[in-house]
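Which chain is which? The protein sequence lines are A and B, in order.
Sequential numbering of the first sequence, starting at 1, is according to the numbering used here.
Sequential numbering of the second sequence, starting at 1001, is according to the numbering used here.
By construction, the Cβ of each residue, glycine as well, lies at the ideal position given by its N, Cα and C atoms.
Quantities reported herein were computed from a predicted structural model and do not represent experimental measurements.
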Amino acid sequence: GAVVSQHPSWVICKSGTSVKIECRSLDFQATTMFWYRQFPKQSLMLMATSNEGSKATYEQGVEKDKFLINHASLTLSTLTVTSAHPEDSSFYICSARAAATSNQPQHFGDGTRLSIL
Amino acid sequence: EDKVVQSPLSLVVHEGDTVTLNCSYEVTNFRSLLWYKQEKKAPTFLFMLTSSGIEKKSGRLSSILDKKELFSILNITATQTGDSAVYLCAVYSGNTGKLIFGQGTTLQVKP
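This is how it looks when you write it as structure tokens:
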């Protein structure tokens, strides 16, 4: 149980392109989903928290107009990197949690490796 | 400021060895501590600990939490090359509802 699917797993695109990443909870309803970014040999850095049906909460320093998050249903959240540039290249990982409170673990998707040329 | 510190940052052992990974934390309104294993993709969940002194065990892996001294350990016995990975410790803050991650411990198990 507790499977989170993230798609695509790898994206290579030109500078200026917008890229959409999907995160789905396959066998549970996720009231809260999280988006992380991970640079090589570093730990996960939280970008934003989204609760189903409400606006995402972004961490300090993360541009909400650049990283658009939508959590329209209890099983799907999307992250759109708008007008991506080479400095946006990174490993993006989503996670999902069944409960709104923190008494359930977060389960992670397989991540999306984004490379902007 | 909330923080989670893991040690050692990296470790090289041989198959069959036993390893102990450490995680200490300073987090306001602690809720739980989690261990994850990360290989080439995203982290996979290992354990969630909320109570002091109760060992959680899964095969060759076990973990325990000490809420008085604010740390947890992850033990791996009879290590195998497939245990090679980055092990992440994370703590839930009740104030923010967010996971605060440590830097990770990179474990390499040599044949």
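Own chain, CB closer than 8 Å to residue i, minus 5 neighbours either side, in chain order
i: G1016 (chain B); result: A1078, T1079
i: S73 (chain A); result: E52
i: L1011 (chain B); result: V1019, L1021, T1105, T1106, L1107, Q1108
Spatial neighbours of residue i in its chain, beta-carbon cut-off 6 Å, leaving aside the 5 residues before and after
i: A1090 (chain B); result: L1034, L1099, F1101
i: S49 (chain A); result: Checking the sequence, you will find Thr at residue 49 (chain A) rather than Ser. So the qualifying residues of the chain are F34, T57.
i: T1020 (chain B); result: I1073, N1075
i: M1048 (chain B); result: S1032, L1034
i: T75 (chain A); result: R24, S25
i: K64 (chain A); result: Y58
i: E22 (chain A); result: H7, T78
i: N1095 (chain B); result: T1028, N1029
i: I69 (chain A); result: A48, S50, A56, L79
i: W10 (chain A); result: R113
i: V1086 (chain B); result: Q1038, G1104, T1106
i: F91 (chain A); result: Q38, G111, R113
Residue environment, residue i, which counts as buried when at least 16 other CB atoms sit within 10 Å
i: D1083 (chain B); result: buried
i: S54 (chain A); result: exposed
i: T31 (chain A); result: buried
i: F67 (chain A); result: buried
i: V3 (chain A); result: exposed
i: I1054 (chain B); result: exposed
i: R1060 (chain B); result: exposed
i: F39 (chain A); result: exposed
i: Q104 (chain A); result: buried
i: L1107 (chain B); result: buried
i: Q106 (chain A); result: buried
i: T1081 (chain B); result: exposed
i: G61 (chain A); result: exposed
i: L46 (chain A); result: buried
i: L1088 (chain B); result: buried
Cβ shell of residue i (< 7 Å), same chain only, five flanking positions each side left out
i: E1026 (chain B); result: D1002, K1003, L1070
i: K20 (chain A); result: T78, T80
i: I116 (chain A); result: C13, S15, A84, H85, P86, D88, S89
i: N1022 (chain B); result: Q1006, S1007, F1071, I1073
i: T17 (chain A); result: A84
Beta-carbon neighbours of residue i, restricted to chain B and to distances below 8 Å
i: Q29 (chain A); result: Those within 8 Å of Q29 (chain A) in chain B number zero; the least Cβ separation is about 17 Å.
i: H107 (chain A); result: F1045
i: G111 (chain A); result: K1041, A1042
i: T49 (chain A); result: G1097, K1098
Partner residues on chain A for residue i, Cβ-Cβ distance less than 7 Å
i: Q944 (chain B); result: Here chain B has residues from 1001 to 1111 only, and residue 944 (chain B) is not among them.
i: G1104 (chain B); result: S43
i: L1088 (chain B); result: S43
i: F1101 (chain B); result: S43, L44
Within chain B, partners of residue i - CB distance below 9 Å
i: I93 (chain A); result: K1041, A1042, P1043
Per-residue contacts from residue i into chain B (C-beta, under 7 Å)
i: L46 (chain A); result: K1098
Contacts that residue i makes with chain A (C-beta to C-beta distance below 8 Å)
i: L1034 (chain B); result: P105, Q106
i: F1071 (chain B); result: Those within 8 Å of F1071 (chain B) in chain A number zero; the least Cβ separation is about 18 Å.
Proximal residues of chain A, C-beta to C-beta of residue i below 9 Å
i: L1061 (chain B); result: What L1061 (chain B) touches in chain A: nothing, since even the nearest Cβ is about 15 Å away.
Check your understanding: How do the stretch 1021-1036 of chain B and the stretch 1056-1071 of chain B stand: do at least 3 beta-carbon pairs fall below 8 Å, yes or no?
Key -> Below 8 Å, enough C-beta pairs join the stretch 1021-1036 of chain B and the stretch 1056-1071 of chain B to call them touching: three or more.
Check your understanding: Which ranges would you report for the beta strand (DSSP E) in the stretch 16-89 of chain A if only whole runs of at least 3 residues count?
Key -> 19-25, 32-38, 44-51, 67-73, 76-81
Check your understanding: With a cut-off of 8 Å, do at least 3 Cβ pairs link the stretch 1013-1027 of chain B to the stretch 1038-1045 of chain B?
Key -> Note that the stretch 1013-1027 of chain B does not touch the stretch 1038-1045 of chain B; fewer than 3 beta-carbon pairs, one per stretch, sit closer than 8 Å.
Exercise for review: Write down every uninterrupted run of the beta strand (DSSP E) in the stretch 1020-1079 of chain B whose length is 3 residues or greater and which is fully enclosed by it, in chain order.
Suggested key: Taking only runs of at least 3 residues, the beta strand (DSSP E) segments lying wholly in the stretch 1020-1079 of chain B are 1030-1038, 1044-1049, 1056-1058, 1061-1066, 1071-1076.
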